[in-house]
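Numbering of the sequence shown is given in my numbering, commencing with residue 636 and proceeding in unit increments. Glycine is no exception: its CB is placed at the ideal position from the N, C-alpha and C atoms.
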Amino acid sequence: MDAKAAQFLYPWRHGKVVHLVRHGQAMHNVEGDKNREALLSQDLFDAQLSPLGLQQVAKLRKDVHASGLLDRIELVITSPLSRAMQTAIGVFGSDRHPKVMAIELCRDRLQGVRPCDMRRKISDYRSRFPTVDFSMMDVEDDTLWNPDVRESEEELAARGARFLKWLWTRPEKEIVVVSHGIVLQNILINIHRNDCNLSCKWWCKRFDHCELRSVFIMDQSIMGKDSASLCSDHHHQDDTVLKQGSFPLISLADFIQ
Numbered sequence: 636m637d638a639k640a641a642q643f644l645y646p647w648r649h650g651k652v653v654h655l656v657r658h659g660q661a662m663h664n665v666e667g668d669k670n671r672e673a674l675l676s677q678d679l680f681d682a683q684l685s686p687l688g689l690q691q692v693a694k695l696r697k698d699v700h701a702s703g704l705l706d707r708i709e710l711v712i713t714s715p716l717s718r719a720m721q722t723a724i725g726v727f728g729s730d731r732h733p734k735v736m737a738i739e740l741c742r743d744r745l746q747g748v749r750p751c752d753m754r755r756k757i758s759d760y761r762s763r764f765p766t767v768d769f770s771m772m773d774v775e776d777d778t779l780w781n782p783d784v785r786e787s788e789e790e791l792a793a794r795g796a797r798f799l800k801w802l803w804t805r806p807e808k809e810i811v812v813v814s815h816g817i818v819l820q821n822i823l824i825n826i827h828r829n830d831c832n833l834s835c836k837w838w839c840k841r842f843d844h845c846e847l848r849s850v851f852i853m854d855q856s857i858m859g860k861d862s863a864s865l866c867s868d869h870h871h872q873d874d875t876v877l878k879q880g881s882f883p884l885i886s887l888a889d890f891i892q
């Protein structure tokens, strides 16, 4: 066995595959593209998926089922905003398949003044999304959204780091995260902040609606510094959903300080 193959086979026992998914197009995306001032409208409170967004969800669900990916997923983590939970359930929901869990850490950027980024009461969500596990959310009302304060880049990055640290503590080895474009992009940018590799730049670009990108997170301390390659392309067996069947390798040390 050559060294390159050994580097691929060995770390799988010491890491996680994380599939990152942006929610489908929502009504605030539609209205915001026409007029940014529309994002201030209370009519867009906790914006739902648009008709196109529902079609995008159906398309991704078909691809996920056809690829066999759904059979490998052990847990689906979702933002507790309706557009993300609609996407999570629409793509990955099934009586036979993994638990869907909502967590505040991966919700959309706390923009302030924009009702589309506010969440509903947990009791309301429980009635709307009865198959979602809200056990990680113990505050009924949305106490994180502030009408006067916009979450800074530094605060968003810190929240993303806390989310990744929490994700690493989970026992599951293959996990889906359904979140928002700015949150997912921020996570990848901060992980790869010191890497100029062209493939890394591709992975860190803005997510399209219902786009799925996958990364392998490993503990660099187990492999040693010389064997941790952040953006090496590796093939995930039987995974036709991923772009060219490959995804970058992410070192645990890049987000766990």
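Report task. Taking the CB atoms as reference points, tell me whether residue 726 and residue 696 lie closer together than 7 Å. Result -> Counted from its first residue, the sequence shown places residue 726 at position 91. Counted from its first residue, the sequence shown places residue 696 at position 61. Cβ distance < 7 Å, so residue 726 and residue 696 count as in contact.
Query - 7 Å Cβ shell around residue 820 - same chain, five flanking residues per side excluded - result: Walking along the sequence shown from the start, residue 820 turns up at place 185. These residues qualify, in order along the chain: 839, 841 and 842.
Query raised in the report: Using a Cβ-Cβ cut-off of 6 Å (strictly less than) and excluding sequence neighbours within five positions of residue 807, which residues of its own chain qualify?
Result: To locate residue 807, count along the sequence shown from 1; it is residue 172. Hits under 6 Å: 709 and 710.
**Report entry** N- and C-terminal bounds of the beta strand (DSSP E) containing residue 654
**Finding:** Locating residue 654 in the sequence shown gives position 19, counting from the first residue. Residues 650–657.
Report task. State the CB to CB distance for the pair residue 779 and residue 739, rounded to an integer number of angstroms; the pair is presumed to be in contact (CB under 8 Å). Result -> For the purposes of this step, residue 779 is taken as residue 144 along the sequence shown, with counting starting at 1. For the purposes of this step, residue 739 is taken as residue 104 along the sequence shown, with counting starting at 1. Sure, about 6 Å apart at Cβ, within 8 Å.
Query - Buried/exposed call for residue 847, threshold 16 Cβ in 10 Å - result: Translated into positions along the sequence shown, residue 847 becomes position 212. Residue 847 should be labelled buried.
Report task. Could you round the C-beta distance between residue 723 and residue 713 to whole angstroms and report it? I think they count as a contact, below 8 Å. Result -> On the sequence shown, position 88 is the one that residue 723 refers to. On the sequence shown, position 78 is the one that residue 713 refers to. With a Cβ gap of about 4 Å, residue 723 and residue 713 count as contacting.
**Report entry** Span separating the alpha-carbon of residue 816 from that of residue 783
**Finding:** On the sequence shown, residue 816 is found 181 positions in, with the first residue counted as 1. On the sequence shown, residue 783 is found 148 positions in, with the first residue counted as 1. About 22 Å.
Query - For residue 809, the first and last residue of its enclosing beta strand (DSSP E) - result: The count along the sequence shown starts at 1 and reaches residue 809 at position 174. Boundaries of the beta strand (DSSP E) harbouring residue 809: 809–814, taken from the DSSP string.
Query raised in the report: What are the boundary residues of the beta strand (DSSP E) that residue 661 is part of?
Result: Your numbering for residue 661 matches position 26 in the sequence shown. Residue 661 -> no beta strand (DSSP E), and no H or E assigned at all.
Query raised in the report: Can you give the Cα-Cα distance for residue 721 and residue 751, rounded to whole angstroms?
Result: As a first step, residue 721 must be located in the sequence shown, where it is residue number 86. As a first step, residue 751 must be located in the sequence shown, where it is residue number 116. Between the alpha carbons of residue 721 and residue 751 lies a gap of roughly 15 Å.
Report task. In angstroms with no decimal places, state the Cα-to-Cα distance between residue 774 and residue 693. Result -> Position 139 of the sequence shown, counting from 1, holds the residue named residue 774. Position 58 of the sequence shown, counting from 1, holds the residue named residue 693. Distance between the alpha carbons of residue 774 and residue 693: 32 Å.
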